[in-house]
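Notes for the one structure printed next.
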Amino acid sequence: VPTPVPKEMLGQFYDGDAYIVLKTTKKPKSSALTWDLFFWLGENCSQDEQGTAAYKAVELDESLGGAPVQSREVQGSESDGFMQCFRSVQYLKGGVASGFKMVQRDVYETRLLHLKGARMVRVSTVPVSTSSLNAGDVFILDTGLTLIQWNGSEANRKEKIKALEISEAIKNDERGGKARILVCDHGSEPDEFWSALGGRGQVAPATVDDASAKVEKVIPQLVQLSDASGSLEMIEVATGQLKREMLSSDDVYIVDNGMVTYVWVGKGASSEERKRAIEYGSKFCEGKGRGNGAMITKVLEGCEPAVFQSNFTAWANPDAMDTPRAGNVAASRKDTDASELASSMKVMSTKGGEYEASHRAEQISMINVPKGDVEVWRIEGFDKVKLEDELEGQFFAGDSYIILNTYEQNSKKVYILYFWLGAQSTVDEKGAAALIATQMDDELGGSATQVRVTMGKEPFHFIQLFDGKMIVHSGGKASAFRNRKDTDSYDTDGVSLYHVRGTSGYDTRAVQVEEKASHLNSGDCFVLLTPKTMYIWYGSGSSSDEREIADKVGSTLKESRELEGVLEGSESDDFWAALSGKDTYPTTKQLPDLAREPMLFSCSNATGVTVIEPVFDFGQADLEEE
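Sequential numbering from 1 applies to the sequence shown in UniProt numbering.
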């Protein structure tokens with residue numbers, strides 16, 4: 001009998017059980033829903049449970065009108081679509097009987113979690129022993145109130161970030177925030193790590209990712225499943241180059257490319273063909289000697305994803321094939337050299353400033369978001385540390401921050417949750433900021449609007465929170481993934497130069513730059529700090545907004561220094577001396593880059609000439625190896 005899985009266990013799967021996962025998505029700008037239906041089989045799942053899972057998945061599929069994209073998933077060989085349903089996928093030993101047992105408070109069983117995967121990271125429980133370690137992966141030693149993340153010398157960045165995410169989840173969700181998290185690299189482990197594993201030992205070399213090793217080149221094959229003869233039978237239709245016209249709406253087909261087996265269901269397929277489509281897909285894979293590890297996905301006619309269409313040499317919907325033709329006219333395309341192609345791409349991406357205008361209008365429309373109670377935290381060692389009120393608006397380029405703006409609208413509290421990522425902030429700090437922001441959103445009942453902000457791309461409504469006093473300093477806290485040589489980094493030589501730039505009072509901020517005259521710009525303002533004097537330098541082309549912000553920044557940084565305003569062209573010798581002497585600098589304004597939507601272009605020479613065309617509404621499926 002299907003039993004709902006508790007929310008706190010989503011993403012955890014017992015290897016002796018079978019599961020059904022339904023993902024429901026609302027289409028943008030529409031009330032229509034789409035579904036992805038997966039049934040997952042553990043490696044030690046019984047045949048009865050496998051059959052029941054498949055049967056119940058079909059029942060659920062039919063109750064939704066046959067609309068879901070249905071996939072059979074097997075432990076260790078899950079599709080990307082399945083893996084992306086969860087923050088992490090963790091394999092647990094046992095099944096229903098062993099999994100749901102009485103939990104004793106403050107009593108924990110030591111365990112070792114193994115994280116592996118180049119693209120999608122999987123988590124499994126392995127024996128608590130030194131022999132389980134290898135240099136290519138990340139492991140988490142969970143002793144109850146201490147979580148030690150061990151990074152193999154060849155472990156990839158995704159594994160490290162995922163391990164941090166899982167450690168934080170265990171700490172907050174399972175240990176009530178009481179556990180401490182330690183991160184160590186291969187070669188710098190604390191004694192308690194080796195004690196728990198039974199003593200020091202030789203660490204095995206890195207191993208090949210099984211999911212990557214299984215990829216092989218197989219000739220595509222198309223097989224028809226039909227009951228036209230009175231009983232269901234499989235008939236091979238073609239191998240090699242497959243074409244859309246080979247599919248008939250009255251039947252079910254199996255499309256196999258060696259990595260994924262698709263079961264295509266035509267609109268006119270019989271009820272029996274529909275119900276047993278996945279079953280025959282499994283039989284097909286068994287006949288190929290792939291066993292229980294085969295990945296099988298059901299797709300409906302008219303709803304074929306791009307990854308399915310890519311198995312065919314040409315794909316066009318039947319309706320499109322009926323379009324009247326103007327006759328046999330040969331098409332020709334002019335070959336283009338690289339410089340011309342690059343120019344055309346540039347024109348498409350800029351489009352005469354249309355995007356810039358719409359982008360700015362959208363930003364300005366959000367300026368009316370009121371400033372309420374603003375709280376700021378800095379990420380330090382995987383935790384958030386609250387900043388003092390007088391430091392709000394001051395950031396370090398080497399750090400990441402979380403900012404919460406709380407205000408009332410129609411007698412209801414509204415939350416906007418920003419996580420700001422410094423340009424030199426480490427990967428672990430950026431990952432921790434995103435993770436903690438999500439946790440804070442959960443604590444607020446999921447009602448917060450989360451906004452990811454990168455240094456230099458701050459939206460207007462973010463800058464407005466700090467009343468024209470947003471300042472970004474160089475340096476920051478050391479990484480939590482640090483080795484013995486990493487330390488905190490700050491500018492302490494007594495001389496600092498801040499570049500005040502923007503296009504209006506809405507987007508102007510100050511950013512610390514190297515103290516050299518070559519970094520000045522006639523179009524902007526700069527604040528130069530020396531031990532005794534603070535200079536505010538007004539470029540001849542600077543705007544009144546920039547000059548006003550420069551004065552505000554100066555009032556924040558002045559302390560006991562004397563203030564001296566400097567117009568471009570009237571600089572003193574002391575001013576140039578603080579910048580290591582005069583030098584040439586730009587005399588035209590450099591506008592900050594706008595945060596543009598990314599664009600994807602496809603490049604092909606299939607017709608004998610090189611053609612570059614834009615791909616709209618693109619996703620990962622649009623990237624083709626050929």
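Backbone N, C-alpha and C fix where the C-beta goes; we use that ideal spot for every residue, glycine too.
Predicted model, so just to flag it, every value in this text is computed and none were measured.
Item                                                                                                                                                                                      : Value
Let me confirm a value: residue 537 is counted as buried when at least 16 other C-beta atoms fall within 10 Å, else exposed. Which label applies?                                         : buried
Might you give, ordered along the chain, the residues of its own chain that have their beta carbon closer than 6 Å to the beta carbon of residue 403, omitting 5 neighbours on each side? : 376, 418
With distances taken Cα to Cα, identify the nearest neighbour of residue 34 among 24, 277, 496, 575.                                                                                      : 24
Quick check on DSSP: helix, strand or coil for residue 282?                                                                                                                               : helix
Determine the burial state of residue 603: buried for a count of at least 16 other Cβ atoms within 10 Å of its Cβ, exposed for fewer.                                                     : exposed
For residue 165 versus residue 391, is the C-beta spacing smaller than 8 Å?                                                                                                               : no
Just reading off the beta strand (DSSP E) that residue 18 is part of, what are its end residues?                                                                                          : 18-26
Considering only residues of the same chain and omitting the five flanking positions on each side of residue 249, which have a CB-CB separation below 7 Å?                                : 266, 267, 268, 301
What is the C-beta distance between residue 178 and residue 141, in whole angstroms, given that I count them as a contact (C-beta under 8 Å)?                                             : Incorrect: roughly 17 Å between the Cβ atoms, too far for contact.
Quick check on the burial criterion: 16 or more other C-beta atoms within 10 angstroms. Buried or exposed for residue 543?                                                                : buried
How big is the Cα-Cα spacing for residue 147 and residue 275?                                                                                                                             : 47 Å
Determine, using beta carbons only, whether residue 130 and residue 199 come nearer to each other than 8 Å.                                                                               : yes
Tell me the residue span of the beta strand (DSSP E) that contains residue 298.                                                                                                           : 296-300
If you draw a straight line from the alpha carbon of residue 254 to that of residue 263, how long is it in whole angstroms?                                                               : 5 Å
Quick check: what's the CA-CA separation for residue 123 versus residue 424?                                                                                                              : 30 Å
Using the three-state DSSP reduction, which class does residue 9 fall into: helix, strand or coil?                                                                                        : helix
Which residues mark the beginning and the end of the beta strand (DSSP E) in which residue 427 is found?                                                                                  : Counting along the chain, residue 427 falls outside any beta strand (DSSP E), though it belongs to the alpha helix (DSSP H) covering 427-443.
Let me make sure I understand the geometry here. Which of 405, 313, 116 has the alpha-carbon closest to that of residue 449?                                                              : 405
Assuming residue 397 contacts residue 472 under a Cβ cut-off of 8 Å, what Cβ separation, rounded to an integer in Å, is found between them?                                               : 6 Å
What does the alpha-carbon distance come out to for the pair residue 564 and residue 522?                                                                                                 : 18 Å
Would the region 177-191 and the region 218-231 be scored as touching if the rule is three or more Cβ pairs under 8 Å?                                                                    : no
Shorter than 8 Å from the beta carbon of residue 289 to some beta carbon of chain D?                                                                                                      : Although the question refers to chain D, the structure presented lacks it and comprises just one protein chain.
In chain order, which alpha helix (DSSP H) runs of at least 4 residues are fully inside the region 534-559?                                                                               : 544-557
Taking DSSP as the reference, what is the three-state secondary structure of residue 352?                                                                                                 : Here residue 352 scores only 38 on pLDDT, less than 50, and its place in the model is too uncertain to base an answer on.
By how many angstroms is the C-alpha of residue 412 removed from the C-alpha of residue 373?                                                                                              : 14 Å
Could you name the residues that DSSP lists as bridge partners for residue 563?                                                                                                           : 534
Which residue from 79, 152, 27, 48 puts its Cα closest to that of residue 37?                                                                                                             : 79
By alpha-carbon positions, which one of 494, 495, 513 ends up nearest to residue 501?                                                                                                     : 513
Report the rounded CA-to-CA distance for residue 460 versus residue 507, giving the unit in angstroms.                                                                                    : 5 Å
Compute the Euclidean distance between the alpha carbons of residue 530 and residue 572, then round it to the nearest angstrom.                                                           : 14 Å
Taking 8 Å as the threshold (C-beta atoms), are residue 422 and residue 476 in contact?                                                                                                   : yes
Roughly how many angstroms separate the alpha carbons of residue 415 and residue 466, rounded to a whole number?                                                                          : 17 Å
Roughly how many whole angstroms lie between the Cα atoms of residue 115 and residue 408?                                                                                                 : 43 Å
Rounded to whole angstroms, what is the Cα-Cα separation between residue 138 and residue 431?                                                                                             : 16 Å
Who are the near neighbours of residue 73 in its chain, counting only those whose CB is closer than 6 Å to its CB and skipping five residues on each side?                                : 38, 40, 82
Could you check how far apart the C-beta atoms of residue 226 and residue 251 are, in whole angstroms? I think they sit under 8 Å.                                                        : 5 Å
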